[in-house]
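Take the sequence shown: its letters are residues 47 to 361, numbered as in this note's numbering. These notes are about the structure you will find just below.
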Amino acid sequence: MLGFLQGFAYGLFVTCLPWCLVGLANPRLALPTDNPTRFQVLFRYCLLVPFISTVLWLTSLWGGFGPSLGGWLAGLVAVGVSLPVERGWRRWRARRHQRRLRERLEAEAERRRAEREHEAREAGVAELDPAHPPADADDLILALCRAKQALLEARRPDLATQVDRCYTRYCHVMTVLGARFDRSELAYERSQGLVREVCLGVVDTFTSMAAQARGVMGLDEAYVRRRLEQEGSQLAIEERIALKRRLELIEDTDKRLRRLAARNESALTLLDDAAVALARVETGRPQASLATDQALEELRRFIGRAERYSRSDRR
C-alpha cells in the first residue's frame with residue numbers, strides 16, 4: 047500500500063507541469079470551475095497538487111523506498127480522471143443550491159403574497175369557492191366563480207380576492223334592493239338590470255386579467271432579476287438583452303393588471319354608492335298615525351291644556 051502511494055505521488059507530481067501548461071493555454075481544459083482563470087491554474091498545479099503529492103510521498107516513506115508501477119500509472123491519470131468527476135460534483139452542488147434557493151424564494155414569495163392577500167381582504171368579505179358555488183347562485187355568481195378559478199390557475203391569488211369583494215358587494219346591493227322595493231315594481235327591475243350590467247363589466251375585466259396573467263405565468267421574475275444582479279457583467283450581450291426584455295414583459299403586464307384592478311375598484315365603489323343610495327330611499331308608509339313634527343306639536347298643546355285644567359280645578 048505504501049509503495050502504491052509512493053508511486054502515485056511520483057506520477058501525480060510529474061503531471062503538474064503538463065497540466066499547468068495546458069491550463070495556461072486554455073484554463074477550461076485544466077480546471078473544473080465554470081469561469082476559470084490562469085491564476086487558479088497556477089495555484090492548483092504549482093502549489094496545491096505538488097503539496098498533495100509531497101505529503102503522500104513523505105507519508106509513504108515509512109515503508110521504505112519502493113514505488114510501484116501501478117501507483118505511478120494511477121498518479122499519471124489521476125488529474126485527467128478527477129477533472130470530469132469534480133465537474134459533475136460541482137454541477138450537482140450548483141443545481142442543488144439553485145433548487146434550494148428557488149424553493150426558498152418561492153416560499154418567501156408565497157408568504158408575501160399571503161400577507162398582501164390578508165391585508166387586501168376587507169372585513170366582512172365573503173369568500174367565493176369556485177369549486178362549490180352557492181346553492182342559489184345565478185348566472186352572474188357562476189361567472190364570478192369561473193373568473194376566480196381562472197385567476198387562481200394563473201397563480202394570482204392576490205387578484206382573486208377582488209372577486210370575493212365583488213361577490214360580497216353584489217349580494218349586499220341585491221339584499222338592500224329587495225328590502226326597499228317589491229320585485230314586481232319597475233324600479234326594482236331597472237335597478238337590478240343596472241347592477242348586473244356593472245358586475246358583468248367587472249367579470250369581463252377579471253377575464254382579461256386572467257388571460258394576461260396567464261401569458262407571463264411561465265416567466266420567473268425572481269430568477270431573471272437574480273441573473274441580472276449576480277451575473278450581469280459575465281453574461282453575453284444577447285443573453286442580457288433577452289433577460290431585460292423578459293423583465294420588461296413582466297413589468298408591463300403588472301402595470302396593465304394594476305390598471306384593470308383600479309378599474310374594478312371604481313366599479314366596486316359604484317356598487318357601494320348604489321347600496322347607500324338604495325338604503326336611503328323611503329318607499330314604505332310610516333307606522334305612526336301622525337308625523338313626528340305633528341305629534342310633538344299635539345303633545346305641547348296637550349301639556350298646555352293640562353296646566354289650565356289644573357288651575358280651574360283649584361278655583
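We put the beta carbon where it would ideally sit given N, CA and C, even for glycine. Bear in mind the structure is a predicted one, so any value in this text is a computation, not a measurement.
query, result
"Whole-number beta carbon distance between Ser99 and Leu58, since they are thought to touch under 8 Å", "4 Å"
"Supposed contact pair Val248 and Cys191 - C-beta distance, whole angstroms, cut 8 Å", "Their Cβ separation, rounded to whole angstroms, is 14 Å, which puts Cys191 and Val248 out of contact at 8 Å."
"3-residue-minimum beta strand (DSSP E) runs that sit fully inside the stretch 237 to 291, ordered along the chain", "none"
"Residue nearest to Arg271 in terms of C-alpha spacing, selected from Leu246, Glu161, Arg291, Arg146", "Arg291"
"Three-way DSSP call (helix, strand, coil) for Ser230 in this model", "coil"
"C-beta contact flag for Val87 and Pro73 at 8 Å", "yes"
"Spatial neighbours of Val327 in its chain, beta-carbon cut-off 7 Å, leaving aside the 5 residues before and after", "Arg226"
"Option in Arg305, Glu199, Cys245, Arg137 with minimal Cα separation from Ala257", "Glu199"
"8 Å contact criterion, which Thr314 and Val219 should meet: CB distance rounded", "Checking the displayed sequence, the identity of residue 314 turns out to be Leu instead of Thr. With 8 Å as the limit, Leu314 and Val219 do not qualify as a contact, their Cβ atoms being about 11 Å apart."
"Three-way DSSP call (helix, strand, coil) for His178 in this model", "coil"
"Residue from Val123, Cys245, Leu75 with nearest C-alpha to Ser312", "Cys245"
"Simplified DSSP assignment, three categories, for Phe111", "coil"
"Trp108 burial status per 10 Å Cβ neighbour count (16 or more: buried)", "exposed"
"Collapsed DSSP secondary structure at Thr299 in the structure displayed", "helix"
"Secondary structure, beta strand (DSSP E): runs of 3+ residues fully inside the stretch 61 to 103", "none"
"Integer-rounded CB distance, given that Ile296 should sit under 8 Å from Leu274", "In fact, because the Cβ distance is near 12 Å, the residues do not count as touching under 8 Å."
"Environment of Pro113 [buried if 16+ CB atoms lie within 10 Å]", "buried"
"Span of the alpha helix (DSSP H) around Asp185", "185 to 199"
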